[in-house]
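Enquirer: For the sequence shown, counting from 1, position 481 maps to 482 in the working numbering; every step adds exactly one. Note that CB positions come from ideal geometry on N, CA and C, so glycine has one too.
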Amino acid sequence: MPNGQKTKRRGFVMTGGGAKGLYEAGVVHAFHLTGIEFDAVTGSSIGAFNSVFFAEYLLRKRQLPPDVQSDPARAVDAMDDLVKAYHHAWLSLPDKQIVDDSDTGPIGRLKDDLLQLDLRLPDLVHLAWWWTDPDRGSVPSPRVWPALARLGQELVERLGGAGKLLDIVKNHRQAPVQQAIRTYLARFDLEHSLVPPQDDGRLAAVFSDPITPLCLEHLRGLKAESGAEPITLLPPGRTLRDYAQAGIDVRLTRANYRTGRLEVSAYLSAVDFVRWMQKHAFRLEKADPDKIPLGSFRLQVPGNPDAISAAFASGRFPGVFVPFPVEDIYPAADPDNALLHKLLAHWLDDPDVRSQMAEAYRVMPLRAGQGKDWDETYDRWLKSDSMRAFFPQAQDAYVDGGAIDNTPSNSAIDATREWLEQAGLSRQDVVLDLYVVLLHAEPRARQVDVQDPALHQVVQRTMEIQGAAKQSSAAVVVDTINTFGRRGENLAGSLLALLDSYREALQSLDDSQRRVLLDRLRADVNRRGVRGYQGQSGEGILDRMAGWTEEILSDLLPLQVQAVKIYPEQMPLSTLQLTGRLGYRQDNALAMLTMGCYNTLWAIRSHLEAQMGDLDDQDRRGLALARKWMGVDTWPSDAAGKEDLHKKWRCRRTACVFHPHHCPHGASPSG
């Protein structure tokens, strides 16, 4: 089937990186300006927060009056204040003190206490060298005793008295140093994380507190006089079901602290859960779940996650936040979460769970080969220890989803495959445009920096390469699978054409000649070791071969994915630069935000110009707006012309807050 006749689906993938999420905020702005909408939105870590906001944007946009929705320019104007409020929230992030590094906060009090610590560097070196010596005796050397005495005096003062110190030595012999550090940090509420659990709400407040739309005065540090009403970006009680009912499939990855496995926060009904289990349970029934590599499998559970909590669970940067409990993701008061809470408590050994899943199975349309006895299947799952260990339990909690899956493209592909199955469509009938934001620039270094690197420079550069390689390799996997899929589709199409020609040729033969030829074909196929459609004779073999080929095209080939990768040229802010003391600077933040916008406008324009014969109505509207804002009607056909245009084009949307002075592609060439 020609690509132009395929149904177009769109997925948007946002990755993790803390303060680097400002770049994604700029990407969202470009999609807002071009009116491109999405069927699936996936994210991990800070990308999960941005994904939830973008889903909210799409939801509200679909609630606009029909006459506004049908006019792309009016729709942009109608949604502009919401996006400006979103940008204002991002740029106000340092004021929220997500990591409270003020003088009166936990870190500031820890600093003040450490300044009073009366231990010299030579003392610490003596102690560390003696403690790590595998051949040290039970009695310290004379040089160590003075350091031990001074350390004991400081520990008594800081750990709550001599009794507390003796308790640590007596009851924590295996790890006394770790316990002492934990006890000390507990004085400042820092024993678990840099952000005490009671201060978790600060990050949620960035997206849930009303905020006025951004204006130029805000960027200049002046009082705004616009009179605009504050806007709540994410209303309390918003769930992922709300987005799913509007046709927006939101999937946020999270990492289970106990199992070390990847899970997905998404709205999943009981019927969809049973359907998912029917398809994937065989993997979980393996005696050794470790045979499923980390990150290669995304567990889905039934329920309706709270939107902000699902983003929280995905964005638990290790050391900054404590792990997030599963019960907080799925509110118990929501009837859609009743099945999950019973699974958490009793697994499948619960009559209500058995009854609800049996009813879901009864109403679920069965695919070929799924007619097995339900009770037999259920009992097998119930007895599977490996499956039980894989699923979340009542006390489970989650850390950063980006630790395992920082390019959650597979979640968007899964969403599209599942939509195809439910719609009864073939994979060959659909193409997925997958827009992927990668928060790593190419990790190049200047020649002068690689001549004689210091130790810390080698470590830093290796980590940069590792992070970029992790994201790039995931993107390459999508491209590789897609290439094999196209080749398989072409090969299958050629076989179907050959079979049609074969049928025409057979019509000119008599019955005996036809039987001889078909039997010979069957024998050749059998001799080559191809199984599945030989039959007992050559009669009907062409139809069997055609049916097998159609099945390959419909269900077994990879989904065709057109990946659009949106890279930054540089990253002015690093992951934890969320406050001024940690390195946040507004100029760098604006550079990232505007870079995300103009890079995405270029990526959208490049992708759509290259697909001119395969555009649907939404593509055409998006391309028209991209041309309008870029002020360029004719797209260069040669590489040199594109490179020249890439540097020189200027955005025509002068109403943009960043246009006059803050965007390299908005300001005039003279600045």
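Output the distance between the C-alpha atoms of F659 and L34, rounded to the nearest integer angstrom.
Expert: Each residue's alpha carbon lies about 14 Å from the other.
Enquirer: Using only the alpha-carbon positions, how far apart do G315 and A41 sit?
Expert: For the record, residue 315 in the displayed sequence is Ser; it is not Gly. For S315 and A41, the distance between alpha carbons rounds to 17 Å.
Enquirer: Should the segment 220-233 be regarded as contacting the segment 100-111, the criterion being three or more beta carbon pairs within less than 8 Å?
Expert: Short answer: they don't touch.
Enquirer: With distances taken Cα to Cα, identify the nearest neighbour of T580 among H30, I99 and V77.
Expert: Among H30, I99 and V77, the Cα nearest to that of T580 is on I99.
Enquirer: How is the beta strand (DSSP E) around E192 delimited, first residue to last?
Expert: Unbroken run through E192: none, as it is neither H nor E.
Enquirer: Could you work out which residue in D617, M596, C657 and H666 is closest to V28 when comparing CA atoms only?
Expert: V28 has its Cα closest to that of M596, out of D617, M596, C657 and H666.
Enquirer: Let me know if P303 comes out buried or exposed under the rule of 16 or more other beta-carbons within 10 Å of its beta-carbon.
Expert: Classification for P303: buried.
Enquirer: Using CA atoms only, rank isn't needed, just tell me which of L166, A333 and D81 is closest to T184.
Expert: Of L166, A333 and D81, the residue nearest in Cα terms is L166.
Enquirer: Can you tell which of F32, H219, Q301 and K21 has the C-alpha that lies nearest to the C-alpha of Y58?
Expert: If we check each option's Cα against that of Y58, F32 comes out closest.
Enquirer: Over the uninterrupted beta strand (DSSP E) stretch that includes M613, give me the two end residues.
Expert: No beta strand (DSSP E) contains M613, which DSSP labels as neither H nor E.
Enquirer: Please state the DSSP three-state secondary structure of F13.
Expert: Correct three-state label for F13: strand.
Enquirer: What whole-angstrom Cβ distance do G36 and G17 have, given they're in contact under 8 Å?
Expert: G36 to G17, Cβ: 27 Å. No contact.
Enquirer: Going by the CB atoms, is the gap between A26 and W132 shorter than 8 Å?
Expert: Going by C-beta atoms, W132 is not nearer than 8 Å to A26.
Enquirer: Give the C-beta separation of S410 and V53 to the nearest angstrom, bearing in mind that I take them to be a contact with Cβ-Cβ under 8 Å.
Expert: So it is not a contact: roughly 18 Å between Cβ atoms.
Enquirer: Exposed or buried, what is Q175 when buried is set at 16 or more other beta-carbons lying within 10 Å of its beta-carbon?
Expert: So Q175 ends up on the exposed side.
Enquirer: What are the boundary residues of the beta strand (DSSP E) that Q561 is part of?
Expert: Q561 to I567 is the span of the beta strand (DSSP E), which, as asked, contains Q561.
Enquirer: What would DSSP say about T8, mapped onto helix, strand or coil?
Expert: T8: strand per DSSP, three-state reduction.
Enquirer: Which same chain residues end up closer than 7 Å to W603 when comparing Cβ atoms and leaving out the 5 residues on each side of it in sequence?
Expert: Cβ within range, chain order: H647.
Enquirer: For the segment 384-420, which segments carrying the beta strand (DSSP E) assignment without a break, of at least 3 residues, lie completely within its bounds, in sequence order?
Expert: Those beta strand (DSSP E) runs which fall completely within the segment 384-420 and span 3+ residues are 398-400.
Enquirer: Hey, would you say F391 sits closer than 8 Å to L285, going by beta carbons?
Expert: Yes, Cβ-Cβ distance for F391 and L285 is below 8 Å.
Enquirer: Which same chain residues, not among the five before or five after Y686, have their C-beta less than 8 Å away from its C-beta?
Expert: Residue 686 is absent from the structure shown; the chain starts at 2 and stops at 672.
Enquirer: By the three-class DSSP mapping on this structure, what secondary structure does D200 have?
Expert: Helix, per DSSP.
Enquirer: Nearest by alpha-carbon distance to D101: which of F189, Q180, S71 and R63 is it?
Expert: The shortest Cα separation from D101 among F189, Q180, S71 and R63 belongs to F189.
Enquirer: Using the three-state DSSP reduction, which class does H660 fall into: helix, strand or coil?
Expert: Correct three-state label for H660: coil.
Enquirer: Do you know offhand how far P306's Cα is from N338's?
Expert: So the alpha carbons of these two residues sit roughly 8 Å apart.
Enquirer: Go ahead and pull the three-state DSSP assignment for L345.
Expert: Helix at L345.
Enquirer: DSSP state of G667, grouped into three classes?
Expert: Looking at G667 - three-state DSSP - the assignment turns out to be coil, as it is neither helix nor strand.
Enquirer: Apart from the five residues just before and just after F274, which ones in its own chain have a Cβ nearer than 6 Å to its Cβ?
Expert: Same-chain partners within the cutoff: P303.
Enquirer: Are there 16 or more other CB atoms within 10 angstroms of the CB of R521, so buried, or fewer, so exposed?
Expert: The residue in question, R521, is exposed, as its Cβ has fewer than 16 Cβ neighbours within 10 Å.
Enquirer: So, at 7 Å on beta carbons, what are the nonlocal neighbours of L118 in its own chain, with the 5 sequence-adjacent residues on each side left out?
Expert: Same-chain partners within the cutoff: E155.
Enquirer: Could you tell me the alpha carbon to alpha carbon distance between D353 and A346, rounded to whole angstroms?
Expert: Rounded to the nearest angstrom, the two C-alpha atoms are 12 Å apart.
Enquirer: Does DSSP put S427 in a helix, in a strand, or in coil?
Expert: S427 falls in the coil class under three-state DSSP.
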